[in-house]
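A.B. asks:
2 protein chains.
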Amino acid sequence: MDQQHIFIQMALNAWDMQISRTEKFLDAQSDADLQKEIAPGKNSLLYLLGHLIAVNDGMIGLFGAGERSYAHLDEAFIKNPDKSGLDMPDASTLRGDWKKSNAQLSALFKQMTPEDWFSRHTAMTDEDFAATPTRNKLSVLLNRTGHVAYHLGQLVLAK
Amino acid sequence: MDQQHIFIQMALNAWDMQISRTEKFLDAQSDADLQKEIAPGKNSLLYLLGHLIAVNDGMIGLFGAGERSYAHLDEAFIKNPDKSGLDMPDASTLRGDWKKSNAQLSALFKQMTPEDWFSRHTAMTDEDFAATPTRNKLSVLLNRTGHVAYHLGQLVLAK
Numbered sequence: 001m002d003q004q005h006i007f008i009q010m011a012l013n014a015w016d017m018q019i020s021r022t023e024k025f026l027d028a029q030s031d032a033d034l035q036k037e038i039a040p041g042k043n044s045l046l047y048l049l050g051h052l053i054a055v056n057d058g059m060i061g062l063f064g065a066g067e068r069s070y071a072h073l074d075e076a077f078i079k080n081p082d083k084s085g086l087d088m089p090d091a092s093t094l095r096g097d098w099k100k101s102n103a104q105l106s107a108l109f110k111q112m113t114p115e116d117w118f119s120r121h122t123a124m125t126d127e128d129f130a131a132t133p134t135r136n137k138l139s140v141l142l143n144r145t146g147h148v149a150y151h152l153g154q155l156v157l158a159k
Numbered sequence: 001m002d003q004q005h006i007f008i009q010m011a012l013n014a015w016d017m018q019i020s021r022t023e024k025f026l027d028a029q030s031d032a033d034l035q036k037e038i039a040p041g042k043n044s045l046l047y048l049l050g051h052l053i054a055v056n057d058g059m060i061g062l063f064g065a066g067e068r069s070y071a072h073l074d075e076a077f078i079k080n081p082d083k084s085g086l087d088m089p090d091a092s093t094l095r096g097d098w099k100k101s102n103a104q105l106s107a108l109f110k111q112m113t114p115e116d117w118f119s120r121h122t123a124m125t126d127e128d129f130a131a132t133p134t135r136n137k138l139s140v141l142l143n144r145t146g147h148v149a150y151h152l153g154q155l156v157l158a159k
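This is the structure in structure tokens:
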């Protein structure tokens, strides 16, 4: 394995680790548990689940990999806070979306080449990217991995 | 910048981002605030601060970079949970340790070469490393970055 592949694999391992830890936590919760707040007056588990699905799905857009599957969740789970009064899918729908979204992202990541990973994401111009080549698709993955870890730290408090 | 330096820089950027977000949060808390729990019955801010210092400092050992500076925090902040009854340094001491630890780690990271980052850490044997070259020092940094993000997600709940 050359160094380029090693690094990509390291970033994918870090992603997989956070996703599988989150999955393990969610699998241990009943649908009723998902209605709970992580702490009194804070976000519900359901809101954070929808938030993670929508933010993770955003990578499909940033990577220029076609139509997003869960853009319809952005309004209730990214653009607005919990308890906004907006409709939310029920717990079992979001559980299914979570699994499907992860499978879709895994499949996408698997077919990406090193050149893809080190290319600019769609929210950057060519000029910006020339100045800061560290802001590539792989850096988006690192960033989203940290985002999952951040909210996983919150989810586990509901235990 | 060649690709090797680009991805080391990406990992360092991800680390710096989590540390500076945590720093910004801590700077906005009074010493009295640090006594608070992140949620009723959960860890105190002070415990999580000591925990982060001790775990981050552990990289000095894993990187074979000499004596650790904060190994004395392991007992109260890693090996035991909050409210163990063990002595804890006061808030202003831990704030100082946090800043000094981050400065020490930054200085260490800055002088590490790409060869250093892609070499095995001290908790791995040569045989293990030959089988899984992704488990190098840079993967430790990615992992510890996720660990900071996880606990930062908890710290901010005290707001």
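These protein sequence lines map, in sequence, to chains A and B. Residue numbers for the first sequence follow this note's numbering, so the first one is 1 and each next one is one higher. Residue numbers for the second sequence follow this note's numbering, so the first one is 1 and each next one is one higher. The beta-carbon is built from N, C-alpha and C at its ideal position, and this holds for glycine as well.
1) Over what stretch of residues does the alpha helix (DSSP H) that includes residue 158(B) continue unbroken?
2) For residue 134(A), return the contacting residues in chain B, with the cut-off set at a CB-CB distance below 7 Å.
3) Which same chain residues end up closer than 7 Å to residue 54(A) when comparing Cβ atoms and leaving out the 5 residues on each side of it in sequence?
4) Drop a sphere of 10 angstroms on the beta-carbon of residue 154(A), count the other beta-carbons inside from all chains shown, and report buried for 16 or more, exposed for fewer.
5) Do the segment 1-9 of chain A and the segment 114-124 of chain A touch if we need at least three Cβ pairs shorter than 8 Å?
6) Looking only at its chain, what residues have a beta carbon closer than 8 Å to the beta carbon of residue 19(A), apart from the 5 residues adjacent to it on each side?
7) Mind checking which residues open and close the alpha helix (DSSP H) that includes residue 37(B)?
8) Which residues in the same chain as residue 31(B) place their Cβ atom closer than 7 Å to its Cβ, once the five residues preceding and following it in sequence are excluded?
9) Throw me the rounded Cβ distance for the residue 62(A) and residue 151(A) pair, which I believe falls under 8 Å.
10) Check the Cβ of residue 150(B) against every Cβ in chain A and list those closer than 8 Å, keeping chain order.
11) Check the DSSP bridge columns for residue 44(B) and list the partner residues they point to.
12) Provide the residue span of the alpha helix (DSSP H) that contains residue 80(B), from first to last.
13) Are residue 49(A) and residue 98(A) closer than 8 Å when you measure CB to CB?
14) Output the boundary residues of the alpha helix (DSSP H) element that contains residue 7(A).
15) Note down, in chain order, every chain A residue with its Cβ under 8 Å from the Cβ of residue 139(B).
16) Could you work out which residues of chain B lie near residue 146(A), taking near to mean beta carbons separated by less than 8 Å?
17) Extract the residue ranges of the alpha helix (DSSP H) inside the segment 61-121 of chain B, only unbroken runs of 4 or more that lie entirely within it.
18) May I have the straight-line CA-CA distance separating residue 85(A) from residue 47(A), to the nearest angstrom?
19) Who are the near neighbours of residue 12(B) in its chain, counting only those whose CB is closer than 8 Å to its CB and skipping five residues on each side?
C.D. replies: Per the coordinate set shown:
1) It is not in any alpha helix (DSSP H) - residue 158(B) carries neither H nor E in the DSSP assignment.
2) 6, 9, 10, 13
3) 70, 73, 74, 77, 78
4) buried
5) yes
6) 102, 148
7) Neither: residue 37(B) is in no alpha helix (DSSP H) and is coded neither H nor E.
8) 91, 92
9) 19 Å between Cβ atoms; not a contact.
10) 149, 150, 152, 153
11) 37(B)
12) Note, residue 80(B): premise wrong, no alpha helix (DSSP H); not H, not E.
13) yes
14) 3-27
15) 10, 13, 14
16) 14, 17, 18, 145, 146, 149
17) 74-77, 91-111, 114-117
18) 12 Å
19) 109, 141
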